[in-house]
Amino acid sequence: MTILKLENVSLSLDEKPILNKLSVDFWEGHIHAIVGPNGAGKSTFSYAVMGLSGYRNITGIIYFKGKPINDLTVYQRARAGISLGWQEPARFEGLTVAQYLKASKKEKGMPIEEAMDVVGLSPNEYLQRACDKTLSGGERKRIELASLLVMQPELVLLDEPDSGIDVEALERIFDAINILKQRGSTIITITHSMAVLKKAEHAFLMCHGSIIDKGSIDKISGYFENKCIPCGHKNIPIPGELQ
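For the sequence shown, the working numbering assigns the number 100 to the initial residue and increments by one for each residue that follows.
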């Protein structure tokens with residue numbers, strides 16, 4: 100079953116085309132990866148799906164669980180079951196980690212202490228800490244993943260989940276992603292990292308704001324390593340070259 104579908108979606112920012120007649124659909128209950136070079140439109144895709152301010156003036160249609168969501172606000176999309184994990188997680192001045200996670204908690208989600216254990220942060224040490232600049236980027240990334248575990252959204256968009264973290268933290272994030280899937284979420288990771296790509300089940304290759312191919316991890320990772328990275332986003336594949 101398709102949980103998310105984009106149909107001929109285009110978006111320009113400052114008169115520059117970013118998404119270009121993007122058509123793609125994602126199966127429910129799987130871990131997907133969108134891979135491509137910097138500037139390919141990957142993050143813009145996630146912002147448009149989430150309905151962030153400045154990213155809603157699209158042409159085309161975005162469907163979530165078979166229903167168009169173009170007219171829904173960020174809040175309404177979140178209520179419908181879509182969540183976004185940021186490349187640079189937000190700080191929440193004046194909130195403790197416990198308060199932040201309690202605000203995210205849903206009945207079907209994981210208990211807060213268990214979620215903190217999954218991401219490798221001691222509940223006793225972290226829950227009463229301020230959710231602000233005193234936390235490192237890696238700590239905030241893990242806490243954001245814990246918030247997704249206690250929320251258990253139907254669709255999770257993860258923008259560059261490996262950004263700014265060490266190897267140990269990345270393994271914890273992979274653990275959280277797998278648990279989200281086991282508990283029923285669909286995950287779409289946005290990445291140009293081979294490590295993240297190879298943890299997915301299905302891969303999509305993006306260039307110049309369009310999905311230009313999809314398929315197995317081996318197929319897409321091989322093309323990305325050997326063609327996309329050397330190319331540096333200068334052109335698009337010759338038709339049939341990916342076959």
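The beta-carbon is built from N, C-alpha and C at its ideal position, and this holds for glycine as well.
- In the structure shown, S182 adopts extended strand secondary structure according to DSSP, grouped into three states.
- K298 counts as buried, since no fewer than 16 other beta carbons sit within 10 angstroms of its beta carbon.
- The segment 212–293 is shown to contain whole beta strand (DSSP E) runs of 3 or more residues at 254–258 and 285–290, in chain order.
- Under the three-state reduction of DSSP output, Y154 falls in the coil class, being neither helix nor strand.
- M149 sits in a helix when the DSSP states are folded into three classes.
- DSSP places K318 inside the alpha helix (DSSP H), whose first and last residues are I316 to Y322.
- The count of Cβ pairs closer than 8 Å, one atom from the segment 160–168 and one from the segment 134–143, stays below three, leaving the stretches out of contact.
- For M209 against I181, the beta-carbon gap comes to about 19 Å, at or over 8 Å, which does not count as contact.
- For L200, the enclosing alpha helix (DSSP H) stretches over residues V196 to S203.
- When secondary structure is reduced to three states using DSSP, F144 falls in the helix class.
- Beta-carbon to beta-carbon, I319 and V134 are separated by about 6 Å, close enough to satisfy the 8 Å threshold.
- Of the residues assessed, E243 falls on the buried side of the cut-off, its CB having 16 or more other CB atoms within 10 angstroms.
- Sorting V123, L151, W185 and T172 by C-alpha distance to the C-alpha of G159 places V123 at the top.
- With contact defined as three or more Cβ pairs closer than 8 Å, the segment 101–119 and the segment 265–284 are not in contact.
- Of all alpha-carbon atoms in S221, E206, R239 and I272, the one lying nearest the alpha-carbon of L194 is that of R239.
- Taking the CA atoms as reference points, G128 sits about 12 Å from I278.
- A177 sits in a helix when the DSSP states are folded into three classes.
- For the options H291, D312, C306 and S284, the alpha carbon positioned closest to that of L118 is the one of C306.
- In the three-state scheme derived from DSSP, where H, G and I count as helix and E and B as strand, N325 is classed as helix.
- Just so you know, the alpha carbons of F303 and H291 end up roughly 11 Å apart.
- Under DSSP, the beta-bridge partners assigned to H301 are H131.
- Per DSSP, S122 has no beta-bridge partner at all.
- The residue from Y174, G314, T101 and D258 with its alpha-carbon nearest to that of S203 is Y174.
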